[in-house]
Amino acid sequence: MVVLRVLGRLLIILSIIMLIGGLAVWLFGVDVTRPTGTAWYQAHVASLNFSQVVIQRHLHLPGLWDSVIVPHLLTRPVWEAIIIVFVVFLVLGALFLRIGRRRRRRFRFG
């Protein structure tokens, strides 16, 4: 239960960092309407390739990269991908916190 609470808090913190990072990117004048894959490729191609290799080969989830990440994140505009990741991390964090919460003891008489 402690692991779920810690993981939930980490996901919520990551979601907030993601939102702040997205706002910073927008405030610094980066074009947030271009596709996320293009922006990531131009910013740091090595990390994009590394992420693909880790997901497809090391985690053995090629379907995740091809059918989820590419169409739902990398082809969308940067601002939309940031909001999607923010919401997913926030919901997962809240779910883990809810599942891992401490149970109140029921008082029994007798």
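Sequential numbering from -10 applies to the sequence shown in this note's numbering. The beta carbon of each residue, even a glycine, is placed where N, CA and C say it ideally should be.
Through-space distance from residue j to residue i, alpha-carbon basis
i: Gln19; j: Gly10; result: Here the sequence assigns Val to residue 19, which means Gln is not the residue at that position. Roughly 12 Å between the two C-alpha positions.
i: Leu50; j: Val14; result: 30 Å
i: Pro66; j: Trp29; result: 11 Å
i: Asn38; j: Thr27; result: 13 Å
i: Leu0; j: Leu86; result: 10 Å
i: Val57; j: Phe75; result: 16 Å
First through last residue of the alpha helix (DSSP H) which encompasses residue i
i: Val(-5); result: Val(-9) to Leu16
Entirely within the segment 21 to 93 and at least 4 residues each: give me those alpha helix (DSSP H) ranges in chain order.
-> 25 to 32, 34 to 42 and 67 to 88
Check whether the segment 25 to 45 touches the segment 84 to 91, counting contact only when three or more Cβ pairs, one atom from each stretch, lie closer than 8 Å.
-> As far as the Cβ criterion goes, the segment 25 to 45 does not touch the segment 84 to 91, which means the pair count is below three.
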